[in-house]
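So the structure is just underneath, and the comments pick up after that.
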Amino acid sequence: MSSQQTRGNQTQEPNNGATNAPSSYRMSQLLPDLLSPTRETRTYDEGAFLRGHGLVPVTDLTSMLPCHASIHDSDAKIILIIGGPGAGKSTVAASLAAELNLVHIDAAAVVRRLAVTARQPAWRTVCDSMEASGTLPSAVLVNVIRLEIFRNQGFGQNVFVIDGFPHTREEFDLVNQTYDVKMALHLLATPDTMEKRYMQIKMTFQEGERRLAKFNHLKLRYFASLAELTGYEKFSSVMVNASGDAEFPESWSYVKSVVEVSGWIPD
Numbered sequence: 001m002s003s004q005q006t007r008g009n010q011t012q013e014p015n016n017g018a019t020n021a022p023s024s025y026r027m028s029q030l031l032p033d034l035l036s037p038t039r040e041t042r043t044y045d046e047g048a049f050l051r052g053h054g055l056v057p058v059t060d061l062t063s064m065l066p067c068h069a070s071i072h073d074s075d076a077k078i079i080l081i082i083g084g085p086g087a088g089k090s091t092v093a094a095s096l097a098a099e100l101n102l103v104h105i106d107a108a109a110v111v112r113r114l115a116v117t118a119r120q121p122a123w124r125t126v127c128d129s130m131e132a133s134g135t136l137p138s139a140v141l142v143n144v145i146r147l148e149i150f151r152n153q154g155f156g157q158n159v160f161v162i163d164g165f166p167h168t169r170e171e172f173d174l175v176n177q178t179y180d181v182k183m184a185l186h187l188l189a190t191p192d193t194m195e196k197r198y199m200q201i202k203m204t205f206q207e208g209e210r211r212l213a214k215f216n217h218l219k220l221r222y223f224a225s226l227a228e229l230t231g232y233e234k235f236s237s238v239m240v241n242a243s244g245d246a247e248f249p250e251s252w253s254y255v256k257s258v259v260e261v262s263g264w265i266p267d
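Anchor point for the sequence shown: position 253 equals 253 in the UniProt record's numbering, and the numbering is continuous, going up by one each time.
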């Protein structure tokens, strides 16, 4: 049997048996660049995909990144920010990035952006690869984040603040074994404070019910993640607690001072 015939026999229709395949297999077929050690960025031939021939890389965009050959994972320094819904993770992360010239990576926004950057049929397969909870498998999420880091390193950025990440020991290990994780800021806030902030936007009664249900889901996920992470010595050794209950100016000044005295923020 020729190699061409073999490849043809391996090709399946996009939805043919996809739900029964392991997540890592489906994702490697869908977006091989996300699981590639070289983190290559590619575009895809949608016409070929719709004809059932899988996703065919047609353009390698890695060469468009300046000085990509000199990029080293070990040069990247990482600040992680965890906390419950409404604890102020994104606010603190964005402020750190703006004032100290860091790169802010919002883990949830990176996943949402896949819906825009990926071809629509491909995005449906991404959704199919998600766990029952609606989250991407750890290995896929980490590789999406790594791609964001790689892109920014190409433009001379080497200090990153990632909010809403990690959720598990596995996610932390996958990042920690590749990059220099300097700090994990944990924003402590009471459930009442988190709920008040999360629910403060204007909404109808029905929207309020849905948002409250989402808040409760995220809160439970946060406490489960916190128990797993704080019981892990590798994570707890870099964790710094900060108040998420205080209003922004007070909590921000403390967080900023913690980061500044670390001594590794570039001038």
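All residues carry an ideal CB built from backbone N, CA and C; glycine is no exception.
Residue range of the unbroken alpha helix (DSSP H) whose run includes residue 268: Residue 268 falls outside the range modelled here, since the chain spans only 1 to 267, and no answer is possible.
Please classify H72 as buried or exposed, where buried requires at least 16 other C-beta atoms within 10 Å of its C-beta. Stepping through the sequence shown from its first residue, residue 72 is reached at position 72. When all chains shown are included, H72 counts as exposed.
Mind checking N143: buried by the 16 CB within 10 Å criterion, or exposed? Taking the first residue of the sequence shown as position 1, residue 143 is located at position 143. N143 is buried by the Cβ-count criterion.
Taking 6 angstroms as the limit between beta carbons, can you name the residues of its chain near I82, skipping five residues before and five after? Working through the sequence shown from its first residue, we reach residue 82 at position 82. Contacts found: H186.
D192 - containing alpha helix (DSSP H), residue span: Counting from 1 along the sequence shown, the entry for residue 192 is found at position 192. P191 to Y198 is the extent of the alpha helix (DSSP H) around D192.
Ignore the nearest five residues each way along the sequence and tell me which others in A21's own chain have a CB closer than 6 angstroms to its CB. Within the sequence shown, the letter at position 21 stands for residue 21. In this predicted model, A21 has a pLDDT of only 36, less than 50, meaning its place in the structure is not dependable; the value taken from the coordinates is given anyway. Nothing meets the Cβ criterion.
Tell whether a beta-carbon distance below 8 angstroms holds between L174 and A139. Counting from one through the sequence shown, the residue named residue 174 turns up at place 174. Counting from one through the sequence shown, the residue named residue 139 turns up at place 139. Yes. Within cutoff.
Do V161 and H104 have their CB atoms nearer than 8 angstroms? What you label residue 161 is simply residue 161 of the sequence shown in a count that begins at 1. What you label residue 104 is simply residue 104 of the sequence shown in a count that begins at 1. Taking 8 angstroms as the Cβ cut-off, V161 and H104 qualify as a contacting pair.
Just to confirm my understanding: we take G86, look at its own chain, exclude 5 residues before and 5 after, and list those with CB closer than 6 angstroms. What are they? Here residue 86 refers to the residue found at position 86 of the sequence shown. Within the same chain, G86 has close Cβ partners M194, R197 and Y198.
Once DSSP output is grouped into helix, strand and coil, what is the label at V159? Within the sequence shown, the letter at position 159 stands for residue 159. Looking at V159 - three-state DSSP - the assignment turns out to be strand.
Distance, Cα to Cα, R210 vs T204? Along the sequence shown, one-based indexing puts residue 210 at 210. Along the sequence shown, one-based indexing puts residue 204 at 204. If you take the alpha carbons of R210 and T204, they lie about 10 angstroms apart.
Helix, strand or coil for S262? Go by DSSP, reduced to three states. Stepping through the sequence shown from its first residue, residue 262 is reached at position 262. Coil.
Beta-carbon gap between Q200 and A76 smaller than 8 angstroms: Working through the sequence shown from its first residue, we reach residue 200 at position 200. Working through the sequence shown from its first residue, we reach residue 76 at position 76. Taking 8 angstroms as the Cβ cut-off, Q200 and A76 do not qualify as a contacting pair.
Assigned secondary structure, L102 (DSSP; H/G/I helix, E/B strand, else coil): Taking the sequence shown and counting its residues from 1, one reaches residue 102 at position 102. Coil at L102, not helix or strand.
Backbone CA spacing between E170 and M183 [nearest angstrom]: Within the sequence shown, residue 170 is the residue found at index 170, counting from 1. Within the sequence shown, residue 183 is the residue found at index 183, counting from 1. The straight-line gap from Cα to Cα measures roughly 17 angstroms.
Which value, in whole angstroms, describes the spacing of the CA atoms of E233 and M239? Position 233 of the sequence shown, counting from 1, holds the residue named residue 233. Position 239 of the sequence shown, counting from 1, holds the residue named residue 239. E233 and M239: Cα-Cα distance of roughly 10 angstroms.
Evaluate L141 with the Cβ neighbour count: other Cβ atoms within 10 Å of its Cβ, from every protein chain shown; 16 or more gives buried, anything less gives exposed. Counting from one through the sequence shown, the residue named residue 141 turns up at place 141. The residue in question, L141, is buried, as its Cβ has 16 or more Cβ neighbours within 10 Å.
Buried/exposed call for R146, threshold 16 Cβ in 10 Å: Position 146 of the sequence shown, counting from 1, holds the residue named residue 146. Counting Cβ neighbours within 10 Å, R146 comes out buried, since at least 16 surround it.
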